[in-house]
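Q: Residue numbers (the UniProt record's numbering), protein chains in the order written: chain A, 1 to 334; chain B, 1 to 334. Got a structure for you, questions after.
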DNA sequence: CTGAAAGCGCTTACAG
DNA sequence: CTGAAAGCGCTTACAG
């Protein structure tokens with residue numbers, strides 16, 4: 001059973017396909033098609049259940065009403081929540097999302113960009129990784145709207161939407177210090193991206209500002225993509241260091257691993273040992289005791305991304321790129 | 001800067017676009033193109049960075065190498081994990097995924113199916129909802145591969161991959177009973193889909209088989225899509241019923257809400273009060289005490305879905321639909 | 001007020 | 001061993 005085409009509709013209605021096309025695209029008035037013809041054609045379209053072939057339309061017009069979303073890992077709740085919000089908002093404006101996970105792998109990210117390019121996506125929302133600067137620059141040269149989020153690539157002059165990680169982690173450490181903590185650890189990843197480096201910088205700056213000794217041994221950089229068992233082992237070693245009286249985790253999954261370690265070690269979170277997580281996670285609030293965390297304003301980030309994208313898509317000429325930094329919020333739970 | 005087309009490559013290589021097309025599609029040998037020409041054209045393609053326009057290819061061939069994934073909500077970790085696994089496996093076979101969330105809304109699901117249709121996706125993976133039987137039947141009539149997962153639509157004779165929820169919830173209740181529980185509650189949703197009904201049926205059957213009184217008042221059917229605050233209120237009322245000594249939650253998010261209630265009420269999970277969750281969640285293991293749960297074998301489900309899809313896509317003729325029921329696992333943590 | 005025709009970038013049956 | 005041409009289903013400049 002072959003799908004109907006615009007030709008079939010034109011035939012049934014005894015008009016040209018031009019006329020049908022104008023009516024479908026709401027240009028009937030503008031092209032002064034008679035009301036009678038409009039009515040007739042619309043009825044036939046509805047009765048027959050005809051749906052225009054978007055592929056043909058894309059080939060002709062060069063755009064697709066699809067926005068490509070490239071993220072690190074859809075199964076990470078930070079990304080899946082953002083994806084859902086972006087999807088909702090895009091959908092309301094008539095755009096669909098194609099997404100894919102890079103797994104933090106440069107080759108996969110490049111392939112994805114090429115793939116999206118060959119599918120003629122109208123715009124790109126990318127949580128980028130180091131090493132794809134050039135590919136992104138090419139997109140920009142082709143005048144495609146590109147919005148980076150979560151992570152920025154400082155070499156690039158793109159649109160960027162992200163949280164202020166430096167300030168957030170500074171404040172987290174500050175709150176530890178104000179509660180009398182002296183040996184504050186940071187558990188972070190070894191990936192070399194700005195938003196992770198900022199978290200480290202904020203941590204270090206707070207330590208220094210408050211005249212605490214900076215101790216290299218309290219900073220644990222977990223290799224990205226390693227099995228959780230190894231991560232747990234490394235964190236365990238850190239926690240066995242009796243000095244540590246507070247820990248800031250730089251990502252939610254590291255915090256989860258850390259909490260598992262605490263559970264295994266039967267080490268309590270109390271006035272002698274404090275924990276702050278990142279990006280929030282349902283497990284944080286439920287944990288006994290509840291875990292304080294740094295929350296990125298997901299709704300606001302998604303909203304801003306879509307706003308920028310739509311502005312770019314609507315603009316006839318290139319609008320200046322914007323770097324939008326949104327404050328993250330330290331949620332103290334105890 | 002316009003993208004290169006096959007014409008540009010043909011021009012540069014001084015051959016016809018037919019020849020270039022054959023080479024791109026690996027039909028050069030079969031069409032006995034000379035090695036010299038193949039080499040020359042391939043070099044030009046690589047040097048120029050030419051990528052075929054997939055939109056044009058799709059229009060011509062009628063397929064897209066895209067699989068449409070329609071789920072309830074990507075931000076639910078059950079779905080985002082499945083999505084990630086499906087994406088990985090599909091990607092390895094050269095297929096991309098477009099996904100979208102239905103939010104359990106029939107109109108949105110219908111729109112999505114139409115949208116995917118108009119984009120000529122090659123196959124559909126759908127976590128369906130009641131009310132789209134007809135739309136799915138139409139896809140099947142058009143001979144498009146369709147795999148339902150998570151939820152089945154019994155009226156339809158489609159491929160289906162899902163866990164055995166009846167047995168799983170039966171076993172959960174059985175384990176409560178063996179531990180001497182007498183007043184076992186079920187917190188479930190009011191959505192009228194098979195996989196939820198099965199969980200209820202398994203619960204009830206176990207109660208009856210073990211000659212416990214079935215108590216309507218211990219079954220809480222939470223309206224889908226209501227604000228969590230209302231859910232919490234309803235669960236709170238249930239828990240204040242002093243009789244309840246065990247609870248089975250039929251979904252992970254209901255269990256999360258339930259755990260929040262227990263925390264608020266300061267009600268302990270111990271030998272007097274047991275809890276089993278569903279679908280697992282990182283918070284379950286971390287919880288104090290750890291929460292037992294029914295785990296669906298995500299990897300196996302994703303693997304099976306992709307296997308069925310690829311078999312269908314490879315088949316010249318329609319292969320019989322299969323209903324594959326995979327056992328779920330009761331994970332006891334305490 | 002409406003239509004014939006070109007063209008988007010491919011694939012492939014047919015011809016030589 | 002290789003190419004000219006039709007056609008996938010649309011949109012739109014042009015003509016009347």
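Each residue gets a CB set at the ideal place from its N, CA and C atoms; glycine is no exception. In this text, all values refer to a predicted model and were calculated from it rather than measured experimentally.
1) Taking C-beta to C-beta, are residue 184 (chain A) and residue 173 (chain A) nearer than 8 Å?
2) Determine which residues of the segment 294–320 of chain A have a Cβ less than 8 Å from any Cβ of chain B, and write them out in chain order.
3) For residue 54 (chain A), which residues in chain B fall below 7 Å Cβ to Cβ?
4) Report, in whole angstroms, the separation of the C-beta atoms of residue 152 (chain A) and residue 194 (chain A), which I expect to be a contact under 8 Å.
5) Do you know whose CA, among A:325, A:332, A:10, A:310, lies nearest residue 65 (chain A)'s CA?
6) What separation, rounded to the nearest whole angstrom, lies between the Cα atoms of residue 332 (chain B) and residue 180 (chain A)?
7) Pull up the DSSP beta-bridge partners for residue 274 (chain B), would you.
8) What's the C-alpha gap between residue 67 (chain A) and residue 304 (chain A)?
9) Mark residue 161 (chain A) as exposed unless 16 or more other C-beta atoms lie within 10 angstroms of its C-beta, in which case mark it buried.
10) Mind checking if residue 237 (chain A) is an interface residue toward chain B, Cβ cutoff 8 Å exclusive?
11) From B:165, B:228, B:124, pick the residue whose C-alpha is nearest to that of residue 279 (chain B); which is it?
12) Out of curiosity, what's the CA-to-CA distance linking residue 214 (chain B) and residue 276 (chain B)?
13) How would you label residue 171 (chain A), buried or exposed, when you count the other beta carbons within 10 angstroms and need 16 or more for buried?
14) Run through the DSSP bridge pairs and tell me what residue 58 (chain A) is partnered with.
15) With 16 other CB atoms within 10 Å as the buried threshold, where does residue 256 (chain B) fall?
16) Among the residues of its own chain, which have a CB less than 6 Å from the CB of residue 246 (chain A), if the five just before and after it don't count?
17) I'd like to know if residue 151 (chain B) contacts chain A, where contact means its C-beta is closer than 8 Å to some C-beta of that chain.
18) Examine the Cβ distances between the segment 117–130 of chain B and the segment 89–107 of chain B and report whether three or more of them are shorter than 8 Å.
19) Can you give me the start and stop residues for the alpha helix (DSSP H) that residue 230 (chain B) sits inside?
20) For residue 163 (chain A), list the residues DSSP reports as bridge partners.
21) Rounding to the nearest angstrom, what Cα-Cα distance links residue 267 (chain B) and residue 334 (chain A) in this structure?
22) Just how far apart, CA to CA, sit residue 133 (chain B) and residue 148 (chain B)?
23) Are the beta-carbon atoms of residue 221 (chain B) and residue 192 (chain B) separated by less than 8 Å?
24) Could you pull out every unbroken beta strand (DSSP E) segment of at least 3 residues lying fully inside the segment 97–167 of chain A, listed in chain order?
25) Please list, in chain order, the chain B residues whose beta carbon lies closer than 7 Å to that of residue 81 (chain A).
26) Kindly list, in the order they appear in chain A, the residues whose Cβ is closer than 7 Å to that of residue 99 (chain B).
27) Report yes or no: do the segment 77–90 of chain B and the segment 39–48 of chain B share at least 3 C-beta pairs separated by less than 8 Å?
28) Quick one: is residue 323 (chain B) buried, meaning 16 or more other Cβ sit within 10 Å of its Cβ, or exposed?
29) Roughly how many angstroms lie between the CA atoms of residue 70 (chain B) and residue 248 (chain B), to the nearest whole one?
A: On the basis of the supplied data:
1) In the first chain, residue 184 (chain A) corresponds to position 184, counting from 1. In the first chain, residue 173 (chain A) corresponds to position 173, counting from 1. Between residue 184 (chain A) and residue 173 (chain A), the C-beta spacing is below 8 Å.
2) none
3) Taking the first residue of the first chain as 1, we reach residue 54 (chain A) at position 54. Those within 7 Å of residue 54 (chain A) in chain B are 118, 119.
4) Taking the first residue of the first chain as position 1, residue 152 (chain A) is located at position 152. Taking the first residue of the first chain as position 1, residue 194 (chain A) is located at position 194. Residue 194 (chain A) and residue 152 (chain A) do touch by the CB rule: their CB atoms are close to 5 Å apart, below 8 Å.
5) Numbered from its first residue, the first chain carries residue 65 (chain A) at position 65. Selected option, being the one with the closest Cα: A:310.
6) On the second chain, position 332 is the one that residue 332 (chain B) refers to. On the first chain, position 180 is the one that residue 180 (chain A) refers to. Residue 332 (chain B) and residue 180 (chain A): Cα-Cα distance of roughly 40 Å.
7) Here residue 274 (chain B) is taken as the residue at index 274 of the second chain, counted from 1. Per DSSP, B:246.
8) The residue given as residue 67 (chain A) occupies position 67 in the first chain. The residue given as residue 304 (chain A) occupies position 304 in the first chain. Near 15 Å, if we compare the C-alpha coordinates of residue 304 (chain A) and residue 67 (chain A).
9) If you number the first chain from 1, residue 161 (chain A) lands on position 161. Residue 161 (chain A) is buried by the Cβ-count criterion.
10) Your numbering for residue 237 (chain A) matches position 237 in the first chain. Cβ-Cβ to chain B under 8 Å: no for residue 237 (chain A).
11) As a first step, residue 279 (chain B) must be located in the second chain, where it is residue number 279. It is B:165 whose Cα lies nearest to the Cα of residue 279 (chain B).
12) Residue mapping note: residue 214 (chain B) aligns to position 214 of the second chain, counting from 1. Residue mapping note: residue 276 (chain B) aligns to position 276 of the second chain, counting from 1. Their Cα atoms are separated by approximately 19 Å.
13) As a first step, residue 171 (chain A) is located in the first chain; it is residue number 171 there, counting from the start. The residue in question, residue 171 (chain A), is buried, as its Cβ has 16 or more Cβ neighbours within 10 Å.
14) As a working mapping, residue 58 (chain A) is identified with position 58 in the first chain. In DSSP, residue 58 (chain A) forms no bridge with anything.
15) As a working mapping, residue 256 (chain B) is identified with position 256 in the second chain. Residue 256 (chain B) is buried by the Cβ-count criterion.
16) Indexing the first chain from 1 puts residue 246 (chain A) at position 246. Cβ neighbours of residue 246 (chain A) within its own chain (closer than 6 Å, five residues either side excluded): 176, 181, 184, 274.
17) Within the second chain, residue 151 (chain B) is the residue found at index 151, counting from 1. So no, residue 151 (chain B) is outside the interface.
18) With three or more CB-CB distances shorter than 8 Å, the segment 117–130 of chain B counts as touching the segment 89–107 of chain B.
19) What you label residue 230 (chain B) is simply residue 230 of the second chain in a count that begins at 1. Where residue 230 (chain B) is concerned, the enclosing alpha helix (DSSP H) stretches over 228–240.
20) What you label residue 163 (chain A) is simply residue 163 of the first chain in a count that begins at 1. Residue 163 (chain A) pairs with A:326.
21) Counted from its first residue, the second chain places residue 267 (chain B) at position 267. Counted from its first residue, the first chain places residue 334 (chain A) at position 334. Straight-line Cα distance between these residues: approximately 18 Å.
22) As a first step, residue 133 (chain B) is located in the second chain; it is residue number 133 there, counting from the start. As a first step, residue 148 (chain B) is located in the second chain; it is residue number 148 there, counting from the start. Their Cα atoms are separated by approximately 11 Å.
23) Locating residue 221 (chain B) in the second chain gives position 221, where the first residue counts as 1. Locating residue 192 (chain B) in the second chain gives position 192, where the first residue counts as 1. Against a cut-off of 8 Å, the Cβ pair of residue 192 (chain B) and residue 221 (chain B) comes out as no contact.
24) 123–126, 146–149, 159–163
25) Along the first chain, read from residue 1 onward, the residue named residue 81 (chain A) stands at position 81. For the C-beta of residue 81 (chain A), the chain B residues within less than 7 Å are, from N- to C-terminus, 75.
26) Here residue 99 (chain B) is taken as the residue at index 99 of the second chain, counted from 1. Going along chain A in sequence order, the residues near residue 99 (chain B) (Cβ under 7 Å) are 99.
27) no
28) Numbered from its first residue, the second chain carries residue 323 (chain B) at position 323. It counts as exposed.
29) Within the second chain, numbered from 1, the residue matching residue 70 (chain B) stands at position 70. Within the second chain, numbered from 1, the residue matching residue 248 (chain B) stands at position 248. Those two C-alpha atoms are separated by around 28 Å.
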